[in-house]
Amino acid sequence: MPRTLLLILLLLSPALRASDLELLVSQPQLGEILDGLKTGRHPRFAVVDYGRASALPRLYLFDSRNHALLGRYRVAHGKGSDPDHDGHADSFSNAPGSRATSLGEFRTSDVFDSEEPGHGRSMRLIGLSQTNSNAEERAIVIHANTYMEEDFIRQHGVPGRSHGCLVLASADRDRVIEELEGGALIFAISQKGQAFAHQ
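Every position in the sequence shown, counted from 1, becomes a number in this note's numbering once 813 is added.
Pasting the structure below:
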């Protein structure tokens, strides 16, 4: 068989093709995520890349078995991470009261109906890294808000900002909670800066 044809066949082989996850994240971040997944038993996980603008889809939902991409969604970052409201997270914090986004590894916890206006069905998150260890104290959850809906973004140019929570449009929130409830892992990274860490 000619060498050129063999190389083409190898590149087209599904078994040898890079996974969606490998195409999304850098090598150091990939290693951290794969290490984290060794302790997970959930059929799904998510990666949120806060290095991307908030108007773009940046919460990526994956199948844990083959790391295939199942969906991508817009998600808000915290006001403390984007004080000039230009749609880009510039800094991250784990500090209570910072209203900033935290990077790190999260595990999904219980689902509840929020009493906050517009939040609706919500899901608590547990921070597993030093960079997000205050997630429960800060009440970091997944919820919905109108400032993530298409009409709002079209009118204002950028989505709104949260107090550090992962906020989605209502339909996206429903899908993400459905797929991730029950102890799934969420890896919050920023490809512009440093990945999450277990320091």
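Note that CB positions come from ideal geometry on N, CA and C, so glycine has one too. A quick note: this is a predicted structure, and the numbers were derived from the prediction, not measured.
Identify the continuous beta strand (DSSP E) that holds residue i and give its terminal residues.
i       : result
Ile1002 : 998-1002
His969  : Run containing His969: none in the beta strand (DSSP E); it sits in the alpha helix (DSSP H), 963-969.
Met917  : The residue you asked about is not Met; residue 917 is Gly in the sequence shown. Looking at the DSSP string, the run of the beta strand (DSSP E) that includes Gly917 is 917-926.
Val954  : 954-957
Arg986  : Here Arg986 belongs to no beta strand (DSSP E); instead the alpha helix (DSSP H) covers 983-993.
Leu882  : 882-886
Asp862  : 857-862
Gly1080 : In this structure the chain extends from 814 to 1012, so residue 1080 is not present and cannot be described.
Go ahead and label residue i buried or exposed: buried means 16 or more other beta carbons lie within 10 angstroms of its beta carbon, across all protein chains shown.
i      : result
Asp895 : buried
Arg920 : buried
His890 : buried
Phe875 : buried
Gly878 : The amino acid occupying residue 878 in the given sequence is Arg; Gly does not appear at that position. Exposed, since its Cβ has fewer than 16 Cβ neighbours within 10 Å.
His969 : exposed
Leu993 : buried
Gly931 : exposed
Arg857 : buried
Ala957 : buried
Thr852 : exposed
Gly940 : buried
Glu845 : buried
Leu823 : Residue placement at Leu823 cannot be trusted, given a pLDDT of 34 that sits under 50; what the coordinates show is reported in the next sentence. Exposed, since its Cβ has fewer than 16 Cβ neighbours within 10 Å.
Ala948 : buried
Leu916 : buried
Leu847 : exposed
Less than 8 Å between the CB atoms is what I'm expecting for residue i and residue j, so what's the real figure, rounded?
i      : j      : result
Leu938 : Ser922 : 6 Å
Gly849 : Glu918 : 5 Å
Ala868 : Gly900 : 6 Å
Arg887 : Met961 : 6 Å
Tyr873 : Leu837 : 6 Å
Val989 : His898 : Val989 to His898, Cβ: 24 Å. No contact.
Arg934 : Asp985 : Going by Cβ atoms, the distance from Arg934 to Asp985 rounds to 12 Å, so no, they are not a contact pair.
Ser832 : Ala866 : Incorrect: roughly 25 Å between the Cβ atoms, too far for contact.
Just to confirm my understanding: we take residue i, look at its own chain, exclude 5 residues before and 5 after, and list those with CB closer than 6 Å. What are they?
i       : result
Gln1004 : Asp862, Gly864
Lys892  : Arg912, Arg974
Ile953  : Leu938, Gly977, Cys978
Ala902  : Tyr863, His890, Ser894, Asp895, Thr914
What residue does the alpha helix (DSSP H) around residue i start on, and which one ends it?
i      : result
Leu869 : That residue, Leu869, is in no alpha helix (DSSP H); it is neither H nor E in DSSP.
Leu834 : 833-837
Gly844 : 840-850
By Cβ distance below 7 Å, which residues in the same chain neighbour residue i in space, the five residues on each side in sequence not counted?
i      : result
Glu950 : Pro909
Check your understanding: Between the stretch 970-978 and the stretch 989-1006, are three or more C-beta pairs nearer than 8 Å?
Key -> They do not touch, by the three-pair rule.
Review point. Should the stretch 893-907 be regarded as contacting the stretch 941-948, the criterion being three or more beta carbon pairs within less than 8 Å?
Key: Between the stretch 893-907 and the stretch 941-948, the count of Cβ pairs shorter than 8 Å is three or higher; the stretches touch.
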